[in-house]
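These notes concern the structure reproduced below.
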Ligand code: KIV
Ligand code: NA
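Residue numbers (full-length UniProt numbering): 8 to 272.
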């Protein structure tokens, strides 16, 4: 098992190998994820909710993400480390470049940012400056105030068509990966077919090129929020933390997770 590289992600999609991703916030869990063969590790701004106890991801700062990125990076040898650009760190290309530079210097190999539209310009600006980017569409938690809550996106035909256009736009802007969150299964499947870059789903059905879950959700840690439909507690099945990571990786690779009960028709 060689360490993951950015170009190897597109190879995995071409070869039909599913990508297994988890969020992580510290070195101890990072070491266990690496040992379990988790391909991609995300320092998500979900840390604002599951680690810091906030009601949204909006209070998270670049300094917070950089701190946890450095912690996680010390625990990884093989997995590719992706770090979230927090709320408004990607508001302009210049701000995004400053924040991304900090995150790459803390050990990330890629940054993730939410949205399309003017964010395509941000993606292009970063990629031209040697910063690999993961895009994130569908339910984008940094949009919670405009959206009025955490809801499935792309449900009607017009919204689905817009999502497909946005997905093509972030690919054309240079993104290497695309996270799809809370998107109906057929819409995520169509986007996955449309794109050369891998899609990573969370609440987006089994046909994405990979899956991601929040660590706390996978282990059944109660974060004080309603448990979303797409969550599965793999600790119950795996019997230990290492077993939970292995059970999750196996289920994603065989295509048994997510099931219909974890997805939106
Ligand atoms: O912040 C996060 O954990 C995320 C994943 C849910 C994709 O963005
Ligand atoms: Na996030």
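Idealized CB from N, CA, C, for every residue including glycine.
For residue i, the residue or residues it bridges with in DSSP
| i | result |
| --- | --- |
| residue 25 | DSSP output for residue 25 lists no bridge partner at all. |
| residue 283 | Absent from the structure is residue 283, since the part of the chain shown begins at 8 and ends at 272. |
| residue 117 | 89 |
| residue 141 | 119, 184 |
Rounded separation between residue i and residue j - CA only
| i | j | result |
| --- | --- | --- |
| residue 120 | residue 93 | 8 Å |
| residue 95 | residue 19 | 32 Å |
| residue 221 | residue 69 | 19 Å |
| residue 160 | residue 250 | 33 Å |
| residue 105 | residue 98 | 11 Å |
| residue 196 | residue 151 | 25 Å |
| residue 262 | residue 215 | 10 Å |
| residue 125 | residue 173 | 11 Å |
| residue 112 | residue 58 | 23 Å |
| residue 239 | residue 137 | 36 Å |
| residue 35 | residue 78 | 9 Å |
| residue 260 | residue 194 | 21 Å |
| residue 32 | residue 54 | 7 Å |
Whole-number beta carbon distance between residue j and residue i, since they are thought to touch under 8 Å
| i | j | result |
| --- | --- | --- |
| residue 187 | residue 206 | 5 Å |
| residue 15 | residue 76 | With a Cβ gap of about 21 Å, residue 15 and residue 76 do not count as contacting. |
| residue 176 | residue 123 | 5 Å |
| residue 86 | residue 110 | Actually they do not touch by this definition, with Cβ atoms about 16 Å apart. |
| If you measure from each residue's Cβ to the nearest non-hydrogen atom of ligand 2, which ones come out under 5 Å, in chain order? | 51, 52, 91
| query | Are the stretch 129 to 141 and the stretch 153 to 167 touching by the rule of at least three beta carbon pairs closer than 8 Å? | reply | no
| Given 8 Å, three or more beta-carbon pairs between the stretch 134 to 150 and the stretch 29 to 44 | no
| Okay, do the stretch 245 to 265 and the stretch 58 to 66 touch, 3+ Cβ pairs below 8 Å being the bar? | no
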